[in-house]
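According to the working numbering, the sequence shown is numbered sequentially starting from 40.
Note sheet for the following structure.
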Amino acid sequence: MDGTGDSVERIRADHHADTLPEVSLDDLTAVGITGIIVDLDNTVCAYRRPEPAPGVADWIRGARERGFAIVLVSNNFTERVALVGAELGIPVVANALKPLPFAFLRALRLLGTPRQATVVIGDQLFTDVLGAKILGLRTVLTKPLVAHEFPLTRVLRFLERTVAGRS
Ligand SMILES: [Mg+2]
């Protein structure tokens, strides 16, 4: 099949950061971002951990103080997502089925920001970044907080490494 290179190009993130707290709010403002959709597992919290990773709560507080709208969108189940959202003081969309667009559309309504002013920040190319790209949202790909993951995630990681090896 031809065209593999094009598909790979299309699911590359717009920006990269090692962790969520290292995402520059100044840079987001500079490219016109006012709404932030953030992933939970391995972006806000380490896998299976209830507490946000170091620096995350401060980063989110700082972003809200600067006027960014933020929503947590996670494929994880309702109770876990709601607990983290409550701790951080931000709305949530759980059971998101990323990369399908429905949860992102719901998140956009909660944010009240236009697509071109909204960024998705997450650690997975095939859920966070791909789902964002489907709707024309900007993307920041972070590195996963820890390596221990769901079996399906491990398969997706393998595919990501394969894709990354081509670029
Ligand atoms: Mg994640």
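Just so it is clear, CB atoms sit at the ideal spot from N, CA and C, and this is done for glycine as well.
Please read these numbers as outputs of a predicted model, since none were measured by experiment.
Within 7 Å: the Cβ of residue i and any heavy atom of ligand 1?
{"i": "Gln-155", "result": "no"}
{"i": "Asn-134", "result": "no"}
{"i": "Asp-162", "result": "yes"}
{"i": "Thr-82", "result": "yes"}
{"i": "Asp-78", "result": "yes"}
Do you know how far the Cα of residue j is from the Cα of residue i?
{"i": "Lys-137", "j": "Ala-146", "result": "12 Å"}
{"i": "Ala-121", "j": "Ile-173", "result": "26 Å"}
{"i": "Pro-91", "j": "Val-123", "result": "7 Å"}
{"i": "Arg-154", "j": "Asp-162", "result": "20 Å"}
{"i": "Leu-150", "j": "Ala-133", "result": "15 Å"}
{"i": "Ala-108", "j": "Phe-143", "result": "14 Å"}
{"i": "Gly-71", "j": "His-54", "result": "14 Å"}
{"i": "Phe-165", "j": "Glu-199", "result": "8 Å"}
{"i": "Arg-88", "j": "Leu-184", "result": "11 Å"}
{"i": "Thr-117", "j": "Val-202", "result": "32 Å"}
{"i": "Glu-104", "j": "Gly-94", "result": "15 Å"}
{"i": "Phe-197", "j": "Ile-99", "result": "30 Å"}
Apart from the five residues just before and just after residue i, which ones in its own chain have a Cβ nearer than 7 Å to its Cβ?
{"i": "Leu-79", "result": "Leu-111, Ser-113, Asn-115, Val-120, Val-123"}
{"i": "Ala-102", "result": "Leu-64, Ile-75, Ile-109"}
Would you mind sorting residue i into buried or exposed? The rule is 16 or more other CB atoms within 10 Å of its CB.
{"i": "Ala-69", "result": "exposed"}
{"i": "Gly-106", "result": "exposed"}
{"i": "Leu-67", "result": "buried"}
{"i": "Ala-186", "result": "exposed"}
Grab me the residues of residue i's own chain with a C-beta within less than 6 Å of its C-beta, minus the 5 sequence neighbours each way, in chain order.
{"i": "Leu-169", "result": "Ile-50, Pro-138"}
{"i": "Val-159", "result": "Ile-76, Asp-167, Ala-171, Leu-176, Thr-178"}
{"i": "Lys-182", "result": "Asp-57"}
{"i": "Leu-180", "result": "Ala-52, His-55, Val-168"}
{"i": "Leu-195", "result": "Phe-165"}
In chain order, what residues of the same chain have a beta carbon less than 8 Å from the beta carbon of residue i, not counting five sequence neighbours either side?
{"i": "Ala-156", "result": "Gly-71, Ile-72, Thr-73, Gly-74"}
Point to revise | Three CB pairs or more closer than 8 Å across the stretch 76-87 and the stretch 122-133 | key: Cβ pair count under 8 Å is three or more, so yes.
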